[in-house]
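A.B. asks: Going by my numbering, the sequence shown opens with residue 1, and the numbers climb by one from there. This is the structure, below, for whatever I ask next.
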Amino acid sequence: MTRLILSLFASCLVTMPVFATDTAVSDEKLMQYRQTVKQLGGSLKKELVTTMKSAGPVAALDVCHLKAPVITKEVTEKSQLEIGRTSVKYRNATNAPDAWEMSVLEKFAARHAAGEKFKMMEFAEVVDNEGVKQVRYMKAIGTGKPCMACHGSDLKPKVAEKIKALYPEDKATGFKVGELRGAFTITETLK
């Protein structure tokens, strides 16, 4: 009897979705979204780390300002998905969250406060956008120690000056290591 109960409990855990939805998002789609986010995140991280090591955080801001949009466009075209990054505290106004993204970011913050790690935190659902069915997906981004050079509270003067010059309405500072930095976001229109 105990074995049966444990088996049923284990099967419930295996089948529990990592997202909430009234219309299921297929495992195949989730794998595609995860791979696309991994590709974008990996490409951005590689550029930032290389530039930080060779030229420092002021030069890394140029990577975010000039190269990140190009890399994002390349990944979007290759994947044929609308992909981007968003945050409650965004640096670039074009990355401001829409109402759906804000709701998910709030859920991510609550999930993190309850002890969930960012590494596996994601959310997907099928939504109706003015009569058009879309899959919306988000993957949380945590704040790591390297992020502090440009997103922390104690910025070097040259970094702060460069941020002000590139992003006069910047909201993306004051983070602490381990906080929710933002999320990757994907929208796919269903046919």
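Glycine included, each C-beta is placed from N, C-alpha and C at the ideal position. Small disclaimer: the values here were computed from a predicted structure and weren't measured.
Between which two residues does the beta strand (DSSP E) containing residue 102 stretch?
C.D. replies: For the purposes of this step, residue 102 is taken as residue 102 along the sequence shown, with counting starting at 1. Counting along the chain, residue 102 falls outside any beta strand (DSSP E), though it belongs to the alpha helix (DSSP H) covering 99-113.
A.B. asks: Straight-line CA distance for residue 164 to residue 170?
C.D. replies: By one-based count along the sequence shown, residue 164 stands at place 164. By one-based count along the sequence shown, residue 170 stands at place 170. Spanning the two alpha carbons is a distance of roughly 7 Å.
A.B. asks: Could you tell me which whole alpha helix (DSSP H) segments of length 4 or greater appear in the segment 23-84?
C.D. replies: If we require 4 residues or more, the alpha helix (DSSP H) runs fully inside the segment 23-84 come out as 27-55, 57-62, 68-79.
A.B. asks: By how many angstroms is the C-alpha of residue 126 removed from the C-alpha of residue 146?
C.D. replies: The residue you call residue 146 lines up with position 146 of the sequence shown. The residue you call residue 126 lines up with position 126 of the sequence shown. Their backbone Cα atoms lie some 35 Å apart in a straight line.
A.B. asks: DSSP three-state label for residue 94, please.
C.D. replies: Sequence index remark: in the sequence shown, residue 94 carries index 94 (1-based). If DSSP states are grouped into helix, strand and coil, residue 94 belongs with the helices.
A.B. asks: Can you tell me the Cβ-Cβ gap for residue 33 and residue 186, rounded? I've got them flagged as a contact below 8 Å.
C.D. replies: Position 33 of the sequence shown, counted from the start, is the residue given in the question as residue 33. Position 186 of the sequence shown, counted from the start, is the residue given in the question as residue 186. Residue 33 to residue 186, Cβ: 5 Å. Contact.
A.B. asks: By DSSP, does residue 118 sit in helix, in strand, or in coil?
C.D. replies: Locating residue 118 in the sequence shown gives position 118, where the first residue counts as 1. Here residue 118 sits in helix by DSSP.
A.B. asks: Please work out which residues of its chain come closer than 7 Å, Cβ to Cβ, to residue 108, disregarding the five sequence neighbours upstream and downstream, and give them in chain order.
C.D. replies: Sequence index remark: in the sequence shown, residue 108 carries index 108 (1-based). Result list for residue 108: 121, 140, 180, 183, in chain order.
A.B. asks: Could you tell me the alpha carbon to alpha carbon distance between residue 101 and residue 94, rounded to whole angstroms?
C.D. replies: In the sequence shown, the residue the question calls residue 101 occupies position 101. In the sequence shown, the residue the question calls residue 94 occupies position 94. The straight-line gap from Cα to Cα measures roughly 13 Å.
A.B. asks: I'd like to confirm the pairing. Which residues does DSSP put opposite residue 133 in its beta bridges?
C.D. replies: One-based indexing of the sequence shown puts residue 133 at position 133. Its beta-bridge partners are 128.
A.B. asks: Over the uninterrupted alpha helix (DSSP H) stretch that includes residue 166, give me the two end residues.
C.D. replies: Taking the sequence shown and counting its residues from 1, the one referred to as residue 166 is at position 166. Note, residue 166: alpha helix (DSSP H), 157-166.
A.B. asks: Restricting to Cα atoms, I'd like to know which of 156, 190, 124 is closest to residue 174.
C.D. replies: As a position in the sequence shown, residue 174 is number 174, starting the count at 1. The option with the nearest alpha carbon to residue 174 is 156.
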